[in-house]
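Right, one structure below, let's go through it.
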Amino acid sequence: MNRIRQLDPFTAVLDMDAGDHTIAHRVAGLGARILAGILDSLIVAFPIVGAGFLLLAAEKQTPVRELIFALSTGYLGSLLLYHTLFEIVVRGETPGKSACGIRVVSQTGRRATAIQILVRNLLRTIDWLPAIYGIGGLASFLDKNARRLGDRAAGTMVIYSDRISHQLARAHVPPSVYSTSEDGYLLEAMQMRAPALGDEMRESLTEQLAHHLFKVYPPDRPELLSAYNSGRYADFLRELYRVEREAALDAPPENE
Numbered sequence: 002m003n004r005i006r007q008l009d010p011f012t013a014v015l016d017m018d019a020g021d022h023t024i025a026h027r028v029a030g031l032g033a034r035i036l037a038g039i040l041d042s043l044i045v046a047f048p049i050v051g052a053g054f055l056l057l058a059a060e061k062q063t064p065v066r067e068l069i070f071a072l073s074t075g076y077l078g079s080l081l082l083y084h085t086l087f088e089i090v091v092r093g094e095t096p097g098k099s100a101c102g103i104r105v106v107s108q109t110g111r112r113a114t115a116i117q118i119l120v121r122n123l124l125r126t127i128d129w130l131p132a133i134y135g136i137g138g139l140a141s142f143l144d145k146n147a148r149r150l151g152d153r154a155a156g157t158m159v160i161y162s163d164r165i166s167h168q169l170a171r172a173h174v175p176p177s178v179y180s181t182s183e184d185g186y187l188l189e190a191m192q193m194r195a196p197a198l199g200d201e202m203r204e205s206l207t208e209q210l211a212h213h214l215f216k217v218y219p220p221d222r223p224e225l226l227s228a229y230n231s232g233r234y235a236d237f238l239r240e241l242y243r244v245e246r247e248a249a250l251d252a253p254p255e256n257e
């Protein structure tokens with residue numbers, strides 16, 4: 002089952018499991034991921050650089066080339082361990098990701114498993130090539146959901162921790178703006194375009210859509226049941242559209 006939905010050309014969401022329902026979270030963009038990566042890299046780098054200065058002061062005869070190699074190897078190893086442990090223990094978050102409000106999850110809509118976390122981080126060694134996330138950066142840029150190679154191989158994604166309804170509320174955007182399902186768009190399109198269709202085509206499409214919506218969303222309103230059962234499919238769709246439209250426009254702000 003595909004849990005990823007493209008709301009518009011710039012916004013994708015992942016439907017996360019939450020018991021008997023799902024909660025939509027916006028897929029994190031490249032900018033948030035880069036900033037989180039920089040913060041995490043700095044957190045790991047500070048103690049490594051500090052250790053390098055201490056080692057250089059204590060062992061002044063140590064060749065600089067050997068010291069740089071040792072520090073670089075220690076840094077890369079520490080970074081892999083840092084990401085892996087934090088993402089497993091802190092539910093897909095590192096300090097950098099937490100600061101940016103993002104986290105790693107499985108693209109199936111569930112918490113990422115330890116195996117998935119391990120795979121995505123082991124493949125950082127490839128994403129780093131040829132230098133400073135060359136391959137990983139290009140892969141993320143070309144992927145519409147900003148996934149690097151490690152994410153694709155592990156089946157993981159990075160999302161914003163806040164559900165999209167909270168983000169919309171902070172931006173004073175009503176939930177109804179992005180609450181329309183594919184069936185809702187289909188119903189709306191039918192109402193808008195029906196007058197331009199020929200009689201035979203309009204009647205055929207109206208009947209097919211009415212049967213589909215009645216089966217998927219069994220109505221409980223008497224007027225809807227009456228229209229459908231009597232074969233007045235156009236009236237059924239028109240009334241269903243009115244009811245759903247009013248419900249969306251009158252929906253109170255979410256207080257979750």
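If you use this note's numbering, the sequence shown closes out at 257, no skipped numbers anywhere.
Here a beta-carbon is modelled for each residue, glycine too, at the ideal position from N, C-alpha and C.
Inter-residue spacing [alpha-carbon to alpha-carbon] between residue i and residue j
i    : j    : result
M191 : E245 : 14 Å
P254 : G102 : With a pLDDT of only 43 at P254, under 50, the local geometry of the prediction cannot be trusted, and the value read off the model is given with reservation. Approximately 22 Å, taken between the alpha carbons.
Q108 : H167 : 21 Å
F54  : E60  : 10 Å
R149 : R125 : 9 Å
T74  : I116 : 24 Å
E204 : A195 : 9 Å
A154 : L226 : 49 Å
H26  : K216 : 29 Å
A211 : D144 : 37 Å
Near the ligand FAD: residue i beta-carbon under 8 Å from a heavy atom
i   : result
R66 : What this structure holds is no ligand at all, so the ligand FAD is not there to describe.
Where the alpha helix (DSSP H) containing residue i begins and where it ends
i    : result
R66  : 65-90
D200 : 200-217
Delimiting residues of the beta strand (DSSP E) encompassing residue i
i    : result
T12  : 12-19
T126 : Careful: T126 lies outside any beta strand (DSSP E), inside the alpha helix (DSSP H) at 125-128.
Y161 : 157-164
S107 : 103-107
Cβ-Cβ distance between residue i and residue j below 9 Å
i    : j    : result
Y161 : A29  : yes
K98  : V90  : no
I5   : M158 : yes
L214 : L198 : no
T207 : A172 : no
Selection from the options that minimises the alpha carbon distance to residue i
i    : options                : result
R92  : I118, T74, L81, L77    : I118
R243 : S205, L188, H213, E201 : L188
I69  : L57, F237, L80         : L57
D163 : A100, L81, H84, A235   : A100
L40  : A113, N230, T95        : T95
F224 : Y218, L241, A211, L82  : Contrary to the premise, residue 224 reads as Glu rather than Phe in this sequence. Closest option to E224, Cα to Cα, is L241.
D18  : Y76, Y83, R111         : R111
Could you check whether the segment 23-38 touches the segment 47-60, counting it as contact only if at least three pairs of C-beta atoms, one from each stretch, sit closer than 8 Å? Under the Cβ criterion (8 Å, minimum of three pairs), the segment 23-38 does not count as touching the segment 47-60.
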